[in-house]
Amino acid sequence: MTSFATPLQLGPLLLKNRVIMSSLTRDRNRVPGPLQVEYYTQRTGAGLILTEGTLIEPQAGIYSDEQVAGWKKIVDSVHAHNGHIFLQLWHVGRVAHPLLQDGRPNVAPSAIAAKGGKFRQLEGHPGFVTPTAIDDPEHYIALYKRAAERAKEAGFDGVELHSANGYLSHQFIDNTSNQRTDQWGGSAENRCRFPLRIIDEISGVFGNDRVGIKLSPSGGYNDMGMTEKDTTETFGYLIKELNARRIAYIQLTRYWPFRDPAQRGTYVDIFQWRNLINSEHTKFFANTEYDSEQGAKALKDGLADAIVFGRLYIANPDLAQRLINNQELNTNFNVKHFYGGDCVGYTDYPTYEQQHTVHA
5 MTSFATPLQL
15 GPLLLKNRVI
25 MSSLTRDRNR
35 VPGPLQVEYY
45 TQRTGAGLIL
55 TEGTLIEPQA
65 GIYSDEQVAG
75 WKKIVDSVHA
85 HNGHIFLQLW
95 HVGRVAHPLL
105 QDGRPNVAPS
115 AIAAKGGKFR
125 QLEGHPGFVT
135 PTAIDDPEHY
145 IALYKRAAER
155 AKEAGFDGVE
165 LHSANGYLSH
175 QFIDNTSNQR
185 TDQWGGSAEN
195 RCRFPLRIID
205 EISGVFGNDR
215 VGIKLSPSGG
225 YNDMGMTEKD
235 TTETFGYLIK
245 ELNARRIAYI
255 QLTRYWPFRD
265 PAQRGTYVDI
275 FQWRNLINSE
285 HTKFFANTEY
295 DSEQGAKALK
305 DGLADAIVFG
315 RLYIANPDLA
325 QRLINNQELN
335 TNFNVKHFYG
345 GDCVGYTDYP
355 TYEQQHTVHA
């Protein structure tokens with residue numbers, strides 16, 4: 005019977021368990037240093053660590069030699085503690101703001117602004133602005149490839165394409181943000197061309213069995229969401245194509261109303277595509293608001309090959325061990341320190357053992 009403790013063969017990697025640490029963008033990775041080394045090392049009990057979203061061009065990311073060197077120290081420490089780690093490749097597209105990019109415009113497949121938005125770093129908290137339509141998507145595909153090359157230089161075990169949550173790759177997939185009339189828009193095949201081209205290019209760097217992708221079919225966050233019919237058709241096509249490429253895994257996130265205050269998204273059963281993914285070569289990762297019972301059941305029933313945990317990995321650096329040992333989870337999050345800052349709310353959460361140590 006498959007459980008959290010069951011090892012998982014992921015391409016050439018043997019994961020020690022089926023607990024995956026989600027990408028948790030904590031805004032502390034402009035140039036990774038000792039604090040980030042400690043943070044990721046604390047969580048090496050995970051079968052696989054997915055790094056926080058790491059931009060492929062300025063501001064914070066993996067486009068400079070200094071950043072590569074910083075990430076290499078993290079990777080080396082994770083490996084020294086018998087862990088595996090993938091870098092998540094990220095471009096935010098239209099939900100950036102020019103004032104946070106030295107005046108450079110935000111970009112998107114089409115010049116359509118996302119509704120809403122708020123930038124806590126900017127006075128007055130302005131919302132999203134109209135992006136500049138991308139002239140040549142191949143330029144950005146090349147940036148993803150270069151970022152993958154740098155991730156390989158840093159020693160990462162693989163890379164994940166962030167193609168969810170309303171960021172650039174997702175913006176090409178969704179027909180509400182992509183209204184192009186060229187080969188990059190229109191049909192499901194054309195709208196999926198951008199993420200598939202990226203997958204092909206980064207697979208050429210790492211090998212297809214060291215590449216994953218994150219998808220959020222239900223939309224919602226960052227003003228995303230198609231009709232149920234278009235969603236089923238589009239993601240059905242995309243997942244078939246990804247499975248044919250025999251990548252390491254496809255990560256699907258469930259609908260989360262908390263991230264959809266404007267109710268732009270549509271509840272979609274992510275398991276409707278389960279039979280399109282051949283787990284002999286491509287694993288199915290399930291994400292979003294899983295607790296220990298739900299995750300254990302999904303594994304037991306064969307719905308997912310592994311469960312991805314996000315916020316629970318913030319307050320539980322030893323989450324995998326707690327889940328495997330059926331121990332109480334810490335749900336006391338320091339929300340004020342989710343983003344940015346120092347060690348507070350980042351590396352100061354105790355393990356189960358530390359919580360329950362009795363001092364004489």
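In my numbering, the protein residues as written are 5 to 364. From the three backbone atoms N, C-alpha and C, an ideal C-beta is built for every residue, glycine too. The structure displayed is predicted, hence computed values, not measured ones.
Under a three-way DSSP split, which group does T238 fall into? For T238, the secondary structure class from DSSP, reduced to helix, strand or coil, is helix.
Could you give the DSSP three-state label for Q183: helix, strand or coil? Three-state DSSP puts Q183 in coil, outside helix and strand.
Taking R258 as the reference, which of I251, W277, G120, N247 has the closest Cα? It is W277 whose Cα lies nearest to the Cα of R258.
By Cβ distance, which residues of its chain are closer than 6 Å to D346, with the 5 residues on each side in sequence left out? None.
Can you tell which of V348, F342, L303 has its C-alpha closest to the C-alpha of I328? In terms of CA proximity to I328, L303 leads the group V348, F342, L303.
Cβ neighbours of P141 in the same chain (closer than 7 Å, five flanking residues each side left out): W188, F198.
Limits of the beta strand (DSSP E) - the one that I311 falls within: It spans 310 to 313 - the beta strand (DSSP E) in which I311 sits, taken as one unbroken run.
Residue from T55, E164, Q325 whose Cα sits closest to the Cα of E3: What the structure shows of the chain is the stretch from 5 to 364, and residue 3 is not part of that stretch, so it cannot be assessed.
Same chain, Cβ closer than 7 Å to D161, five either side skipped, listed in chain order: A distance below 7 Å between beta-carbons, with the five flanking residues on each side excluded, links D161 to the following residues of its chain, in chain order: L17, H88, I89, F90, R214.
Enumerated in chain order, which unbroken segments of the beta strand (DSSP E) with a length of 3 residues or greater are wholly contained in the region 195 to 277? 215 to 219, 253 to 257, all fully within the region 195 to 277.
List, from N- to C-terminal side, the beta strand (DSSP E) runs of 3 residues or more that fit wholly inside the region 66 to 143. Annotation: the region 66 to 143 contains the following complete segments of the beta strand (DSSP E) (minimum length 3 residues), in chain order: 89 to 94.
Taking 7 Å as the cut-off, is the C-beta of Q92 nearer than that to any heavy atom in the ligand FMN? This structure does not include the ligand FMN; it has no bound ligands of any sort.
In terms of alpha-carbon separation, which member of A319, Q255, V339 lies closest to Q359? Closest in C-alpha terms to Q359, from the list A319, Q255, V339, comes A319.
Around the C-beta of Q13, are 16 or more other C-beta atoms found within 10 angstroms, so that it is buried, or is it exposed? Under this definition Q13 is an exposed residue.
Is I53 helix, strand or coil when you go by DSSP? In the three-state scheme derived from DSSP, where H, G and I count as helix and E and B as strand, I53 is classed as strand.
For V339, the nearest candidate out of Q71, R30, G223 (CA to CA): Looking at Q71, R30, G223, the one whose alpha-carbon comes closest to that of V339 is R30.
Helix, strand or coil: how does DSSP classify Q331 here? Residue state, collapsed to three classes: coil.
Between H85 and the rest of its own chain, which residues show a CB-CB distance below 8 Å, the 5 nearest in sequence each way excluded? Closer than 8 Å at the Cβ level, and outside the excluded window around H85, lie T45, T48.
Tell me which residue opens and which closes the beta strand (DSSP E) that K287 is part of. Here the beta strand (DSSP E) through K287 covers 287 to 291.
Under the three-state reduction of DSSP, which class applies to T351: helix, strand or coil? Note: T351 maps to coil in three-state DSSP.
Write down the C-beta distance between I177 and R249 rounded to the nearest angstrom, noting that I regard them as a contact closer than 8 Å. Taking C-beta atoms under 8 Å as the contact rule, I177 and R249 fail to qualify, at a distance of about 16 Å.
Comparing alpha-carbon positions, which option in F123, G97, H143 lies nearest V111? Out of F123, G97, H143, the CA that lies nearest to the CA of V111 is found in G97.
Where does H360 fall in DSSP's three states? Of the three classes helix, strand and coil, the one that applies to H360 here is coil, per DSSP.
Determine the contact status of R22 and G57, defining contact as a CB-CB distance below 8 Å. No. Outside cutoff.
When the Cα of G170 is compared with those of K119, A155, H143, which residue comes out closest? Closest by alpha carbon: K119.
Can you give me the C-alpha to C-alpha distance between A73 and T231, rounded to a whole angstrom? For the pair A73 and T231, the Cα-to-Cα distance works out to about 44 Å.
What do you reckon, are the CB atoms on P130 and P109 nearer than 8 Å? Taking 8 Å as the Cβ cut-off, P130 and P109 do not qualify as a contacting pair.
To the nearest angstrom, how far is it from the Cα of A137 to the Cα of Y356? Distance between the alpha carbons of A137 and Y356 is about 49 Å.
Using only CA atoms, which one of T351, E61, V133, G240 lies nearest to K149? Here the closest residue by C-alpha is E61.
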